[in-house]
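So the structure is just underneath, and the comments pick up after that.
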Amino acid sequence: MMQKRQMEILEHTQLTEEIFRLTLAGGIGAKPGQFVQVGLGPTWEPFLNRPFSVHNCTKTTLSLLYRVVGHGTRLLAQKQRGSILSVVGPLGKGFPPTKRRQAVLVAGGIGAAPLYYLMRMLRAEGKDVIFLYGAKTAAQIVLEDEYRSLAREFYLITEDGTAGTKGLVTDLLPQILGENEAEIFACGPNAMLRAVAQTAAEKKLPCFVSLEAQMACGVGACLGCVVATADGNYRRVCADGPVFAAEEVFRFGS
Amino acid sequence: MMQKRQMEILEHTQLTEEIFRLTLAGGIGAKPGQFVQVGLGPTWEPFLNRPFSVHNCTKTTLSLLYRVVGHGTRLLAQKQRGSILSVVGPLGKGFPPTKRRQAVLVAGGIGAAPLYYLMRMLRAEGKDVIFLYGAKTAAQIVLEDEYRSLAREFYLITEDGTAGTKGLVTDLLPQILGENEAEIFACGPNAMLRAVAQTAAEKKLPCFVSLEAQMACGVGACLGCVVATADGNYRRVCADGPVFAAEEVFRFGS
Amino acid sequence: MAPDLTVKIGNLLLKNPVMPASGCFGYGEEYASFYDLSCLGAIVVTGTTATPRTGNPPVRITETPAGMLNAIGLQNPGVEAACVKIRRLQAYKTPVIVNVAGNTVEEYLQVIEVLEREKTVSAYEINISCPNVKAGGMAFGTDPDTAAKLVAALRPATQKTLIVKLSPNVTDIVDVAKAVEVAGADAVSLINTLLGMAIDVERRRPVLANITGGLSGPAVKPVALRMVWQVSEALKIPVIGMGGISNAKDAVEFLLAGATAVAIGAANFRNPTVCPEVINGIENYLTRHGFQSVREIIGLARTQGDR
Amino acid sequence: MAPDLTVKIGNLLLKNPVMPASGCFGYGEEYASFYDLSCLGAIVVTGTTATPRTGNPPVRITETPAGMLNAIGLQNPGVEAACVKIRRLQAYKTPVIVNVAGNTVEEYLQVIEVLEREKTVSAYEINISCPNVKAGGMAFGTDPDTAAKLVAALRPATQKTLIVKLSPNVTDIVDVAKAVEVAGADAVSLINTLLGMAIDVERRRPVLANITGGLSGPAVKPVALRMVWQVSEALKIPVIGMGGISNAKDAVEFLLAGATAVAIGAANFRNPTVCPEVINGIENYLTRHGFQSVREIIGLARTQGDR
Ligand SMILES: Cc1cc2nc3c(=O)[nH]c(=O)nc-3n(C[C@H](O)[C@H](O)[C@H](O)COP(=O)(O)OP(=O)(O)OC[C@H]3O[C@@H](n4cnc5c(N)ncnc54)[C@H](O)[C@@H]3O)c2cc1C
Ligand SMILES: Cc1cc2nc3c(=O)[nH]c(=O)nc-3n(C[C@H](O)[C@H](O)[C@H](O)COP(=O)(O)OP(=O)(O)OC[C@H]3O[C@@H](n4cnc5c(N)ncnc54)[C@H](O)[C@@H]3O)c2cc1C
Ligand SMILES: Cc1cc2nc3c(=O)[nH]c(=O)nc-3n(C[C@H](O)[C@H](O)[C@H](O)COP(=O)(O)O)c2cc1C
Ligand SMILES: Cc1cc2nc3c(=O)[nH]c(=O)nc-3n(C[C@H](O)[C@H](O)[C@H](O)COP(=O)(O)O)c2cc1C
Ligand code: FES
Ligand code: FES
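Here the protein sequences line up with chains A, B, C and D, keeping their order. Going by the numbering used here, the first residue of the first sequence is number 355, and it counts up by one from there. Going by the numbering used here, the first residue of the second sequence is number 355, and it counts up by one from there. Going by the numbering used here, the first residue of the third sequence is number 7, and it counts up by one from there. Going by the numbering used here, the first residue of the fourth sequence is number 7, and it counts up by one from there.
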């Protein structure tokens, strides 16, 4: 249930220059694709909590996988094992259950974070998971073994070719999809999501994307995080998302 | 010389529930009674630096002795060994040199902080030091052995009698002063300083007091920290003090 | 004995002086899973207009030092749809205050007309201070005469408590406050957000799509407190103070300055349980200092204080 | 090649657009031991009046979330004694701007008359916005007509650059800015502090002896930036932007919003070497983004931006 919890840091590991994994003590009963808001207190600046996807969630732990991009994540990275963080969540709707046998998960950079938990849950349901992990460069790929071990098929692709194939995830995606009856789940930069959505539309495959937005409340109250939908309305990324059906937020052709 | 330095924490010891000693790497060439402004960054809140007296200063280290009283000192207390603090100083004028043979140092609570360094320097000059250390209760007395070892005479007095004599420093002061040709140096709460100054005035002994005030710049530029002097003017605690001749800031009788 | 926390605003008796600020609490439901909303002094819902509003395009919010800017632009489903949400708040034992906005006097009137039929609604907070819409909004709140005319036009339309929400973006907020008091307001609430902006130095353009936005959060507290002090000194009607309140100490500052009640906005975003925490904290403060009623401390920093 | 940092304010050519804000830098000497003041675009000294002022009683300052309140009350030794301190600034190779304050038009004039004899003084910043004095100060800055009359009276008294420092405590700062432009100002500087207050909940009285004080620091930056954006859009004369600038990124935001130069106030207190750090940071920003001159980015967020 959505709650504010004081959670202790069990493990805080620097995986690359910029990427950290944070594990907190306590189960929050999150679903894949949901997120939490993390407080950076006790100072009034930064003022707002920061949203992070649930990277993994067990009965007794919550893990986040995050990249240091600014002031708040820099402060977060300094928090020591044993310190207590204020965590609000689980928030948002998460990924919908899939009825198909096969799921294709497409990760762009730190967008890999929520897809680990999703993959774990899909595997538990006995689904067949293909994982496509794209990044700018090899140094941005984290936890490759963990991801690889859960996937039936695992593909690595980097823009500079320093790991896996050289190129963009969407170069590889059409081949992977082949003639499959798959469902696509993607998280990453907006440009990537749009390209994935386009491929999915062409293949007429269902596709769900997890979006980001500047957030304040994270619970649907402030209307600060809206995204314009294809029909011209605004929907809240926090409460109506962060996962949306691709066709709800991207429109092609026409 | 007055400077901004990035100084590493060498040692940070909790001495009582509220009192900490912090030792930083680097000599700053301070005189007794001078102080430094310590930054609490990297966040914009708290915004202002916090002033602390030089508790000890060697060629290679700077020590502070501080009590946790609010938001800023609470944050300071959390800083770990190895972290870097921004330190501006040495600031202020410090205690004047004494021509007399005997110095009576009167400390009230955390006011003991600057008097340690003063005592050390006076002893180095071969002066005879009487140290009178007052506090509310025994738990607020710190580093008793260090203070005692440097003083020729050392008196402890607490309001509740849990350590040393029971009473206020000014109960003991007249006896200690006796008919001595001493000079008095005091640091502590304002009410204590006023009482010490009154005793000194009665005995016609020179007396110097170290004052506190809310500070912003600490360097004399903002005029925020002024104290009203006996002649009705305002003087800057940071740049004109923090040590003042007692008669400059307290007026009795007349 | 626990201190008495009740205060009166117009003809509303509040069980305590703490309510969420409009626009920061949706229509209540979002925070209902964190605690029982019945503990609140009142529930204040988001700015509501006669017809649905889509609001401003994103980016709508950005963080600032100890605060945030927002340019939501009064997104709301319109008063008819809002009524459905508002009715659900009947489940909680606390008055519901609806924040009313519009482009024209007629639009404000229309909203009130619809809401008059809703027995869940106890009071109106007339928003003459929204900085994020082109027409109406703040335009009503920056001129005493315009503000007074609006209030005078709305007053006959309802017996319910009429609160007027003032803008801080004025030379003399007391002028506006006095004008709406004379025109029939039962209370004033202040402050709405300060008009501000932020620029993205990498993209070299304003961060917010709307260019400017409203500043709120701890950063604005000193300005808000000063205005509450000034207005509560000049007015006979009660003042609901807000602007940066993030804990009980902040709330007590506003009460001591003269506010009869306080509202909490942006702090809900940081701490979803801030409202009940502030209620408890005020109670503790009163107990610790030996006050029997919260009413004893209202304006105390002005009238007494151990100077 | 290092980018060109020079900008013009009236007939002053500044080697770079960074100066300390008045009242936050004394008469310069206090910061001279931290770095060579010659590196500054200009030195701006504290508010100076015709006769000595003792200022307000303490407590004069208090910290607020991401900012501070001050109520110094224009303590200064009077213009004659100030001249002695100002002459020492001749040692630095940078223009000296004197912040001029007064209760009456005559007092402002008196200060300028004395300063006209000082060749160290390059420009005046007319302070019509001090919130911490009873008479004069902000009273001149909240009404366009009064402000214009003061400027018109001062204009004939000097050929030196006349900068008018505006108050943010107004409904429409553009009105006041336009009025002083027409009256002959060579530039405007903004913002002075926002009127605020703080209450000590334990003693139940205002923290500051003066009750209210001026808010500055990062907290006010969004408000300051918005006003600089509005004023620089409406005026032909240059704007000196200030309010919460604490690092180079902040300074660049103000330049992009339309400020020709920036001033740094409270941030000096936190970081005594902030001014040279900001100068370097602006230069790095220009280099990194391929600008040849700082003048290319002035107002760029308004005029260009990759929207
Ligand atoms: C639902 C959701 C889930 C997320 N999950 C993860 C995750 O699992 N791992 C991870 O590393 N990051 C995740 N993010 C992004 C993360 O929230 C931001 O990187 C973080 O808030 C940046 O904070 P900062 O203070 O370091 O950056 P800032 O200094 O605030 O800003 C640095 C940059 O990050 C952008 N940014 C700031 N806040 C946000 C925000 N709330 N959302 C998006 N961009 C922002 C800014 O526009 C700027 O470009 C998620 C965001 C959302 C909305
Ligand atoms: C020259 C000088 C030397 C000092 N030396 C020492 C020292 O060696 N050891 C030590 O423990 N303390 C010393 N102090 C006091 C110390 O600066 C304050 O305790 C500290 O700034 C409080 O910060 P805070 O954020 O924890 O408290 P806040 O939350 O800011 O305030 C808590 C309480 O402390 C008071 N306070 C806040 N700032 C100051 C200030 N700058 N000066 C005085 N009182 C303040 C407040 O009024 C309030 O009552 C010194 C002060 C000065 C001016
Ligand atoms: C996201 C957001 C939306 C707001 N919407 C409204 C609104 O619809 N009507 C209104 O009167 N005030 C609105 N406000 C202003 C708040 O009610 C409050 O007056 C202001 O934020 C100051 O309080 P705070 O500092 O506690 O947030 C909004 C504020 C925020 C942050
Ligand atoms: C302690 C202090 C003293 C000030 N004195 C003056 C003054 O004498 N004249 C003046 O025009 N502005 C004065 N100001 C206002 C500053 O020059 C500046 O406009 C304001 O602080 C906003 O900038 P900041 O946020 O960078 O401090 C003073 C500000 C502070 C903090
Ligand atoms: S962040 Fe507040 S509605 Fe989404
Ligand atoms: S703290 Fe600025 S003058 Fe003393």
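Using N, Cα and C, we set each Cβ at its ideal position, and we do this for glycine too.
- For A/MET355, the closest of A/ILE363, A/GLY443, A/MET361 by C-alpha to C-alpha distance is A/GLY443.
- Assigned with DSSP and collapsed to three states, A/THR414 falls in coil, not helix or strand.
- One alpha carbon belongs to A/LEU526, the other to A/ALA549, and they sit about 12 Å apart.
- Within the region 220–238 of chain D, LEU221, PRO224, ALA225, LYS227, PRO228, VAL229, LEU231, ARG232, TRP235 place their CB atoms closer than 7 Å to a CB of chain C, listed in sequence order.
- A Cβ of chain B is located within less than 8 Å of the beta carbon of D/TYR37.
- For B/PHE485, the beta-bridge partners assigned by DSSP are B/LEU459, B/PHE508.
- Sorted by position in the chain, A/MET569, A/ALA570, A/CYS571, A/GLY572, A/VAL573, A/GLY574, A/ALA575, A/CYS576, A/LEU577, A/GLY578, A/CYS579, A/ARG590, A/VAL591, A/CYS592, A/ALA593, C/PHE275 make up the residues whose C-beta lies under 7 Å from a heavy atom of ligand 5.
- Taking a beta-carbon distance threshold of 8 Å, C/ARG66 counts as an interface residue toward chain A.
- Judged by DSSP in its simplified three-state form, C/ARG66 adopts coil rather than helix or strand.
- Chain A has a Cβ within less than 8 Å of the Cβ of D/ALA72.
- Closest in alpha carbon position to C/ALA129, among C/ALA273, C/ASN105, C/VAL120, C/ARG93, is C/ASN105.
- When the Cα atoms are used, B/ALA467 and B/ARG421 turn out to be separated by approximately 10 Å.
- Near chain D, meaning a CB-to-CB distance below 8 Å, the residues of the region 291–310 of chain C are TYR291, ILE303, LEU306, ALA307, GLN310.
- Those residues of the region 489–511 of chain A placed with their C-beta closer than 7 Å to a C-beta in chain C do not exist.
- For A/THR397, the closest Cβ of chain B is nearer than 8 Å.
- In the DSSP assignment, A/ARG375 falls within the unbroken beta strand (DSSP E) covering 373–379.
- In terms of Cβ geometry, A/ALA379 and A/CYS411 do not form a close pair [threshold 8 Å].
- A check of alpha carbon separations from D/ARG211 across C/VAL258, C/VAL245, C/PRO278, C/PRO174 identifies C/VAL258 as the nearest.
- Taking the beta carbon of D/PHE40 as reference, the chain B residues within 9 Å of it are MET356, GLN357, LYS358, VAL442, VAL573, listed in sequence order.
- Shown here for A/HIS409: same chain residues with a beta carbon closer than 8 Å to its own, the five before and five after excluded, namely ARG375, SER417, LEU418, LEU419, ALA467, PRO468, TYR470, TYR471 in chain order.
- The region 12–91 of chain D contains, as complete beta strand (DSSP E) runs of 3+ residues, the segments 13–15, 18–20, 24–26, 49–54, 67–70, 73–76 (chain order).
- For ligand 2, no non-hydrogen atom lies closer than 7 Å to the CB of B/ILE495.
- Assigned with DSSP and collapsed to three states, D/ALA215 falls in coil, not helix or strand.
- Neighbourhood of B/ASN403 in chain D, by CB distance below 8 Å: PHE275, ARG276, in chain order.
- For A/PHE598, the uninterrupted beta strand (DSSP E) run begins and ends at 597–599, by DSSP.
- Residues of the region 187–212 of chain C whose Cβ lies closer than 7 Å to any Cβ of chain D, in chain order: LEU200, LEU201, GLY202, MET203, ALA204, ILE205, VAL207, ARG209, ARG210, ARG211, PRO212.
- Relative to ligand 1, C/GLU69 has its C-beta within less than 7 Å of a heavy atom.
- The beta carbon of B/LEU439 sits closer than 7 Å to the beta carbons of MET361, ILE363, LEU378, VAL392, GLY393, LYS433 from its chain, once the five residues preceding and following it are set aside; these are given in chain order.
- Looking only at A/ARG506, A/PHE406, A/ASN534, A/ILE495, the smallest Cα-Cα distance to A/LYS481 is reached by A/ARG506.
- Taking a cut-off of 8 Å on C-beta distances, the region 297–308 of chain D touches the region 261–273 of chain D, as three or more cross pairs fall below it.
- In this structure, C/VAL157 has its CB at a distance of at least 7 Å from all heavy atoms of ligand 2.
- Taking each of C/ILE243, C/GLY271, C/ALA265, C/ASN290 in turn and checking the Cα distance to C/ALA254, the smallest one comes out for C/ASN290.
- Our two residues, B/GLY426 and D/ALA269, have alpha carbons roughly 27 Å apart in a direct line.
- Under DSSP, the beta-bridge partners assigned to A/PRO405 are A/GLN391.
- For B/ARG359, the enclosing beta strand (DSSP E) covers residues 357–368.
- Just so you know, the alpha carbons of C/GLY250 and C/SER222 end up roughly 6 Å apart.
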